[in-house]
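Engineer: Residue numbers for the sequence shown follow my numbering, so the first one is 118 and each next one is one higher.
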Amino acid sequence: MSSTTLTCDQAIFTSIRTPMGEGYRIVAASPGLRADEKQSITRNSPSHEGMCAPAPTGADADRLLVGAAFYALPSGRLCVALSCLAGAEHTGRGGHRVYTHNVVFHEAEFCACGYNAFNVLRAMVAADAASPQLKPPAVLPELELSVQGTAGPQQQAALHPALASPVRCRVLQRLLEHRRLIVNIEDGWLESAETLLLGLPGPLRSKVSFGAGLKFSVGRCHDLHLLFDATNFTKTRIVGQPVEYIDPHGASEPFIAESAWVRFVDRLWECGDNITLAARTSRPFPDVTPAGCERVGRLFNNIDEIHKTTVDELLVRVRGSLRPATPSNEVESMIAEDFAAKAQSHLRGQFRTTPWPEQRRYWPTLVETWKSSARGVAFVQPLLQEALRAAAREDPINAAEVAVEVARDLPPGIDSQAHRDMLDEVLNALAARLRTDHDLDPVRLQHVCDLWQPLRPDSPTLEQIRERCPAAAGR
């Protein structure tokens with residue numbers, strides 16, 4: 118498993134008594150934090166009663182409750198914040214103290230973290246950032262974190278059960294539209310947040326702030342909040358604000374995912390495959406516009422639907438994806454090549470068992486695609502071979518007739534020797550059939566010889582075939 122060392126500035130936000138006073142504030146920070154970054158951290162950090170889950174009691178009294186947030190700072194750097202409870206509130210207000218450890222790093226380093234803030238959170242836990250320091254030094258050193266570089270957790274999806282397909286698709290579509298959301302679920306906020314955010318293209322995630330397991334505050338209005346609004350207090354507070362409130366348990370308008378990107382993501386959510394989801398979405402896509410997401414979404418849908426797509430439609434889809442690779446979008450080109458490779462393997466298997474009369478109707482599309490580009494050549498060449506072999510077994514004269522279409526005006530990028538060998542195989546099959554089958558149509562044989570003579574003027578195999586033609590019989 119790959120990992121990266123992330124060097125971060127850090128800040129602790131909590132409430133402790135110090136000579137400078139008490140109350141919730143940044144009590145310790147590394148010197149690299151700017152004043153405006155500290156102000157943003159102060160505004161976005163939860164204070165007293167800021168956690169969604171109730172404080173543990175009894176045997177669970179020492180259990181830490183964890184919330185998380187992620188957002189961009191005014192400097193453009195990113196902040197990942199881990200919040201937990203840290204003992205009794207010391208001011209006499211009752212309840213538990215909230216403690217938030219914040220790490221700050223440059224956006225350019227987010228790619229090496231799999232575009233996943235939860236990879237950073239897991240590294241913070243491993244570095245004891247979830248173990249509250251209630252007597253920290255005022256000046257903290259930089260913090261080095263060993264962050265998993267792969268895209269996501271090596272586990273199955275952990276969406277809250279209430280986030281059924283229409284709800285989660287609605288959330289994803291709104292995030293793609295850069296809309297702000299509050300999602301009201303009872304628990305599982307962090308797990309659900311990570312799984313939902315894995316539905317976004319990786320580079321877009323650095324632009325999407327979130328809070329998970331933290332109570333809502335107008336002062337820290339993130340793009341995505343996952344919280345528990347038991348009394349509808351939050352729903353009341355956002356009236357008139359540009360924030361959509363989604364309650365999976367309440368009545369809502371039906372939502373149908375029309376986006377190709379949303380459909381492919383939801384299919385992986387449905388089967389609980391976080392690993393494949395993360396691997397697909399966490400690539401360095403250069404184009405995360407709606408149009409770019411739709412192109413990639415269609416490619417992934419095409420890949421997943423290969424085995425239930427008709428041969429005609431599959432050939433059409435592949436041809437549409439065989440665009441020349443461009444330096445600015447190599448990621449998308451790689452996905453298109455993966456689709457073409459998988460489709461080619463599937464079609465070769467189909468052609469090996471499909472009778473030639475049925476394959477015959479695909480022949481014009483194969484030839485047209487073969488001549489369209491170098492990538493078309495690479496995709497179609499093995500299919501031509503399978504199709505011609507099927508034709509040679511069942512109707513060797515027809516195989517020789519159609520093979521003429523790919524024996525001239527050869528496209529660039531072809532393996533000339535391999536192609537010649539394939540055509541020779543067709544003629545050899547016809548000559549071999551003539552030795553055992555004396556009922557082949559001599560008129561059609563004459564036509565085949567006339568077609569091939571300019572292409573193979575000195576071919577001994579063609580001469581053998583010509584011996585069965587009417588003109589030869591009359592000599």
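Backbone N, C-alpha and C define an ideal beta-carbon position, used for all residues, glycine too.
Buried or exposed: where does Ser162 fall if 16 or more other Cβ atoms within 10 Å of its Cβ makes it buried?
Structural biologist: As a working mapping, residue 162 is identified with position 45 in the sequence shown. By the 10 Å Cβ count, Ser162 comes out buried.
Engineer: Leaving aside the five residues before and after Arg573 along the sequence, list all residues of the same chain whose C-beta is less than 6 angstroms from its C-beta, in chain order.
Structural biologist: Stepping through the sequence shown from its first residue, residue 573 is reached at position 456. These residues qualify, in order along the chain: Leu579.
Engineer: Roughly how many angstroms lie between the CA atoms of Arg492 and Leu439, to the nearest whole one?
Structural biologist: Start at 1 with the first residue of the sequence shown, and residue 492 comes out as number 375. Start at 1 with the first residue of the sequence shown, and residue 439 comes out as number 322. About 6 angstroms.
Engineer: The beta strand (DSSP E) with Val356 in it runs from where to where?
Structural biologist: Translated into positions along the sequence shown, residue 356 becomes position 239. It is not in any beta strand (DSSP E) - Val356 carries neither H nor E in the DSSP assignment.
Engineer: So is Lys332 buried or exposed if we call it buried at 16+ other beta carbons inside 10 Å?
Structural biologist: Residue numbering aside, residue 332 sits at position 215 when the sequence shown is read from its first letter. Buried.
Engineer: Helix, strand or coil for Cys196? Go by DSSP, reduced to three states.
Structural biologist: Mapped onto the sequence shown, residue 196 falls at position 79. It is a strand residue.
Engineer: Among the candidates Val197, Phe496, Val264 and Gly414, whose CA atom is the shortest distance from the CA of Val382?
Structural biologist: As a working note, residue 382 is residue 265 in the sequence shown. Nearest of Val197, Phe496, Val264 and Gly414 to Val382, Cα basis: Gly414.
Engineer: Can you look up Ala507 in the DSSP assignment and give me helix, strand or coil?
Structural biologist: Position 390 of the sequence shown, counting from 1, holds the residue named residue 507. In this structure, Ala507 counts as helix in the three-state DSSP scheme.
Engineer: Are Arg434 and Asn446 touching if we call contact CB-CB under 8 angstroms?
Structural biologist: As a first step, residue 434 must be located in the sequence shown, where it is residue number 317. As a first step, residue 446 must be located in the sequence shown, where it is residue number 329. Result no, Cβ atoms of Arg434 and Asn446 do not sit closer than 8 angstroms.
Engineer: Three-state secondary structure (DSSP) at Phe130?
Structural biologist: Position 13 of the sequence shown, counting from 1, holds the residue named residue 130. In the structure shown, Phe130 sits in a strand (DSSP, three-state: E or B).
Engineer: How close, in whole Å, do the beta carbons of Ala247 and Met241 come, if the pair is a contact with beta carbons under 8 angstroms?
Structural biologist: Start at 1 with the first residue of the sequence shown, and residue 247 comes out as number 130. Start at 1 with the first residue of the sequence shown, and residue 241 comes out as number 124. Correct: roughly 7 angstroms between the Cβ atoms.
Engineer: So who's on the other strand from Asn219, going by DSSP bridges?
Structural biologist: Position 102 of the sequence shown, counted from the start, is the residue given in the question as residue 219. Per DSSP, Ala128 and Ala198.
Engineer: Do Leu276 and Ser326 have their CB atoms nearer than 8 angstroms?
Structural biologist: As a position in the sequence shown, residue 276 is number 159, starting the count at 1. As a position in the sequence shown, residue 326 is number 209, starting the count at 1. No, the pair does not count as a contact, with Cβ atoms beyond the cut-off.
Engineer: Is Ser533 buried or exposed, if buried means 16 or more other CB atoms sit within 10 Å of its CB?
Structural biologist: One-based indexing of the sequence shown puts residue 533 at position 416. Ser533 comes out exposed.
Engineer: Do Ala145 and Gly330 count as a contact pair if the criterion is CB distance below 8 angstroms?
Structural biologist: Mapped onto the sequence shown, residue 330 falls at position 213. Mapped onto the sequence shown, residue 145 falls at position 28. For Gly330 and Ala145, no; Cβs fall outside 8 angstroms.
Engineer: Exposed or buried, what is Ile452 when buried is set at 16 or more other beta-carbons lying within 10 Å of its beta-carbon?
Structural biologist: Counted from its first residue, the sequence shown places residue 452 at position 335. With 16 or more other Cβ atoms within 10 Å, it is buried.
Engineer: Tell me the DSSP secondary structure of Ala495 in three-state form.
Structural biologist: Within the sequence shown, numbered from 1, the residue matching residue 495 stands at position 378. It is helical.
Engineer: Less than 7 angstroms between C-beta atoms, sequence neighbours within five positions excluded: which residues of the same chain meet that for Val497?
Structural biologist: To locate residue 497, count along the sequence shown from 1; it is residue 380. Around Val497: Leu483, Thr486 and Trp487.
Engineer: Looking at the secondary structure, which residues open and close the beta strand (DSSP E) in which Ser248 lies?
Structural biologist: Locating residue 248 in the sequence shown gives position 131, where the first residue counts as 1. Looking at the DSSP string, Ser248 is not in any beta strand (DSSP E), and its letter there is neither H nor E.
Engineer: Helix, strand or coil for Gly231 per DSSP?
Structural biologist: Along the sequence shown, one-based indexing puts residue 231 at 114. Of the three classes helix, strand and coil, the one that applies to Gly231 here is coil, per DSSP.
Engineer: Any contact between the segment 121 to 132 and the segment 219 to 237? By contact I mean 3 or more CB pairs, one from each, below 8 angstroms.
Structural biologist: Enough Cβ pairs lie closer than 8 angstroms, so yes.
Engineer: Measuring CA to CA, which of Ile299, Leu557, Ile582 and Ser263 is closest to Asp567?
Structural biologist: The sequence position of residue 567 within the sequence shown is 450, counting from 1. It is Ile582 whose Cα lies nearest to the Cα of Asp567.
Engineer: What number of angstroms, rounded off, separates the C-alpha of His295 from the C-alpha of Leu321?
Structural biologist: As a first step, residue 295 must be located in the sequence shown, where it is residue number 178. As a first step, residue 321 must be located in the sequence shown, where it is residue number 204. Distance between the alpha carbons of His295 and Leu321: 10 angstroms.
Engineer: If we require 4 or more residues per run, which alpha helix (DSSP H) segments fall completely within the segment 278 to 335?
Structural biologist: Those alpha helix (DSSP H) runs which fall completely within the segment 278 to 335 and span 4+ residues are 282 to 293, 306 to 314 and 319 to 322.
Engineer: Would you mind giving the Cβ-Cβ distance between Leu195 and Glu224, rounded to the nearest angstrom? I have them listed as a contact below 8 angstroms.
Structural biologist: If you number the sequence shown from 1, residue 195 lands on position 78. If you number the sequence shown from 1, residue 224 lands on position 107. About 6 angstroms; that satisfies the 8 angstroms criterion.
Engineer: Out of curiosity, what's the CA-to-CA distance linking Arg585 and Val521?
Structural biologist: Taking the first residue of the sequence shown as position 1, residue 585 is located at position 468. Taking the first residue of the sequence shown as position 1, residue 521 is located at position 404. The straight-line gap from Cα to Cα measures roughly 19 angstroms.
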